[in-house]
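Residue numbers (the working numbering): 2 to 168. Don't be surprised by glycine CBs; every beta carbon is placed ideally from N, CA and C. So the structure is just underneath, and the comments pick up after that.
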């Protein structure tokens with residue numbers, strides 16, 4: 002492993018640690034202010050309420066939107082730093098980009114794809130909810146569409162990303 006690859010992997014580990022810490026802090030805050038962050042029997046009963054009373058899905062979408070935003074920002078910072086390696090020479094740049102072809106980093110790229118898809122689609126959903134005043138039921142339907150599109154596009158994109166490793 003070259004020095005540039007080591008620095009890149011250390012940066013990736015730092016970003017994943019920061020995202021995990023942010024998620025833990027967010028879940029602790031949810032437990033204090035929103036009635037609990039963990040899947041429990043009370044969460045199930047909150048989820049089976051009528052659509053007019055149910056805001057649980059939107060609360061979790063809010064938390065996931067924040068978490069994916071931190072993840073995407075961290076990746077963007079890491080990506081800009083690995084692009085900047087070209088200033089140190091093409092060999093340093095090529096060494097780091099060889100890591101992207103490994104199976105482990107391709108799995109991370111699949112996770113990043115899901116995060117980018119959810120963050121983008123949920124952001125567009127939030128804009129539509131604010132501008133169109135869709136109400137609770139319309140917002141819930143849009144959230145379900147976001148989840149469905151994220152899953153469908155994420156699975157299709159993951160097949161493309163993991164294709165060279167699998168075959």
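| said: Measuring straight from C-alpha to C-alpha, what distance separates residue 155 and residue 146? | reply: Mapped onto the chain shown, residue 155 falls at position 154. Mapped onto the chain shown, residue 146 falls at position 145. Answer to the nearest angstrom: the Cα atoms are 14 Å apart.
| What residue range is occupied by the uninterrupted alpha helix (DSSP H) comprising residue 82? | In the chain shown, residue 82 corresponds to position 81, counting from 1. Per DSSP, the continuous alpha helix (DSSP H) segment holding residue 82 begins and ends at 57-85.
| In the structure shown, what three-state DSSP assignment does residue 135 receive? | Here residue 135 is taken as the residue at index 134 of the chain shown, counted from 1. Three-state DSSP puts residue 135 in coil, outside helix and strand.
| task | Can you tell me the Cβ-Cβ gap for residue 59 and residue 120, rounded? I've got them flagged as a contact below 8 Å. | result | The residue labelled residue 59 in the question sits at position 58 within the chain shown. The residue labelled residue 120 in the question sits at position 119 within the chain shown. Under the criterion of beta carbons closer than 8 Å, residue 59 and residue 120 do not qualify as touching, at roughly 15 Å.
| Limits of the alpha helix (DSSP H) - the one that residue 94 falls within | For the purposes of this step, residue 94 is taken as residue 93 along the chain shown, with counting starting at 1. 91-100 is the span of the alpha helix (DSSP H), which, as asked, contains residue 94.
| said: Just to check my reading of the structure: residue 107 and residue 166 have Cβ atoms closer than 8 Å, yes? What is that Cβ distance to the nearest angstrom? | reply: Along the chain shown, one-based indexing puts residue 107 at 106. Along the chain shown, one-based indexing puts residue 166 at 165. Rounded to whole angstroms, the Cβ separation of residue 107 and residue 166 is 5 Å, and the two are in contact under 8 Å.
| If you draw a straight line from the alpha carbon of residue 81 to that of residue 129, how long is it in whole angstroms? | As a first step, residue 81 must be located in the chain shown, where it is residue number 80. As a first step, residue 129 must be located in the chain shown, where it is residue number 128. Straight-line Cα distance between these residues: approximately 31 Å.
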